[in-house]
Structures are given as C-alpha cells and as structure tokens.
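*Asks:* Counting from 1, position 152 in the sequence shown corresponds to residue 173 in the working numbering; the numbering is continuous, with no gaps.
Next up is a structure, given as structure tokens.
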Amino acid sequence: MNREQWLQARTKGIGSSDVAAVLGLSPYKTNVELWEEKMGLRKPKDISDVEYVQNGTNSEDPLRKLFAVDYPDLEVRHVENGIMIHPKHDFIRCSPDGILVEKETGRLGFLEIKRCEIASGQAYLKWKDGAIPDYYYTQTLQYFLANPKIQFGYLRAYLIRHMADGSIFREIRDYKIADTREEVEEDLKYLLPKEIEFWECVKQRRRPALILPII
C-alpha cells in the first residue's frame, strides 16, 4: 500500500498504537475518544509535522539497520506501509517496525523502535531495570495477537535524556519482550476479549463506558 492507503486501513480496525487506549492505559487519549475517532465523530490530531514525531520517523531506519548489525543471528525485514491482520478478527491489525527471522530456526519475531525524549527523572524510571512503559508494552502485545506465527520480539529504545543542567544524555537500550509466545499467553488471553468488546461498540455505534486511569 501507499501511505494514504495505509492510513485509511488503520481506521478500519484496532492498531498497535490504539491498544493502550482500549485498555484505559494511554496517557494521550481515553477509550471513549478512540471510539469517537473510529466512528468518525472526532478527527485524530495530526502530529506528523511535530518535530519529535519527525525525529522519531527519521531515526527508525538507522536504528533498524544498527539492530541488524548488533544481532547477526537475526534477519531483519521491513515492509513499508505493510499491515499484519488477524486471520479471524480482521479488525486486529498492526504494522511492526521490523519482522525478525532467526537464521538458525526460522522462528518469526518482531522489532519495535522507539525514540523517546525524556525530560524528567520520573519518566526515566519507566525504562529502568528491564521495564518499559505499560502503553508501549501493550503495543507490542498486538504483534503477537495479530500474527499467531510471531514467537518473540524486541523493543529498541533510543532514549534522549534532557538533564537539569542543560546537558543531553543519549543511550540505546534493547528490551526482549518475550523469548517464546507462551510467556505472553496470559496477557493475550486478557487482551483479545477487550479488543473484541471495544470493536463491538464500534460496529453497534454504542459508546463504551469510560475507563478511568488507575491512580
């Protein structure tokens, strides 16, 4: 697909970046706001020309190529404007930043890339001790959910920390989301009915109950 077709296809289902909102975990929009977008009642905010968004887009390909260098046992594939769709529930969709193939076994995995500007110590804590923010973790679960052949996955984070003294500290971190599909099976069992329930609200034009964030 070209980019316009890809953007249109994203409106016809739940994408990986929508999952956190479906679960009430997104810091950017509620599940009701997402429903309004899918219903055409609310126009998604266009942030494509925002500097940090453009920086993230421009960083993706170099970070993907560097990942391929760092992991020679993995083949890194990328399909521009490609979408994976669940074989049964065609509203469950995702567009990973890379498909990984273990050269020795042929197992399939995914690569998610994040370039994050961090301005506070509290935000940085979400990336410590092998953890990633919940709204990014739920995004990675969509790759397992949409494609039953996906067995493992990585998230590569390019973290740009803005320190109090005005200096900038940059680092690249890799987080292995799972080494086997079984490790996330319980999370997938929780996620699937939540997405089905949300999409039923879209099909029936029925506003979902607002999910309030956990304090």
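Cβ atoms here follow ideal geometry from the backbone N, Cα and C, with glycine treated the same way.
In the structure shown, what three-state DSSP assignment does arginine 202 receive?
*Replies:* On the sequence shown, residue 202 is found 181 positions in, with the first residue counted as 1. Correct three-state label for arginine 202: helix.
*Asks:* Output the boundary residues of the alpha helix (DSSP H) element that contains glutamine 75.
*Replies:* The residue given as residue 75 occupies position 54 in the sequence shown. Its alpha helix (DSSP H) spans residues 72-91.
*Asks:* Quick check on this structure: which residue in Lys50, Phe112, Ser80 and Tyr73 has the alpha carbon closest to the alpha carbon of lysine 66?
*Replies:* Numbered from its first residue, the sequence shown carries residue 66 at position 45. Considering only alpha carbons, the answer is Lys50.
*Asks:* Ends of the beta strand (DSSP E) at valine 100?
*Replies:* Translated into the one-based positions of the sequence shown, residue 100 becomes position 79. Taken as a continuous stretch (DSSP letters only), valine 100 belongs to no beta strand (DSSP E), as it is neither H nor E.
*Asks:* How about lysine 135 and tyrosine 157: do their beta carbons lie closer than 8 Å?
*Replies:* Numbered from 1 along the sequence shown, position 114 holds the residue referred to as residue 135. Numbered from 1 along the sequence shown, position 136 holds the residue referred to as residue 157. Yes, Cβ-Cβ distance for lysine 135 and tyrosine 157 is below 8 Å.
*Asks:* Which partner residues does tyrosine 179 have in the DSSP bridge list?
*Replies:* For the purposes of this step, residue 179 is identified with residue 158 of the sequence shown, where counting begins at 1. Tyrosine 179 is bridged to Arg136 and Ile193.
*Asks:* Can you check whether the CB of phenylalanine 112 is closer than 8 Å to the CB of tryptophan 27?
*Replies:* Along the sequence shown, read from residue 1 onward, the residue named residue 27 stands at position 6. Along the sequence shown, read from residue 1 onward, the residue named residue 112 stands at position 91. Cβ atoms of tryptophan 27 and phenylalanine 112: not closer than 8 Å.
*Asks:* Using only the alpha-carbon positions, how far apart do leucine 55 and arginine 31 sit?
*Replies:* Locating residue 55 in the sequence shown gives position 34, counting from the first residue. Locating residue 31 in the sequence shown gives position 10, counting from the first residue. Rounded to the nearest angstrom, the two C-alpha atoms are 12 Å apart.
*Asks:* On the three-state DSSP scale, how would you describe leucine 231?
*Replies:* Along the sequence shown, read from residue 1 onward, the residue named residue 231 stands at position 210. It is coil, neither helix nor strand.
*Asks:* Within this structure, are the beta carbons of phenylalanine 165 and arginine 202 separated by less than 8 Å?
*Replies:* Counting from 1 along the sequence shown, the entry for residue 165 is found at position 144. Counting from 1 along the sequence shown, the entry for residue 202 is found at position 181. Yes; because the gap between Cβ atoms is below 8 Å, this pair is in contact.
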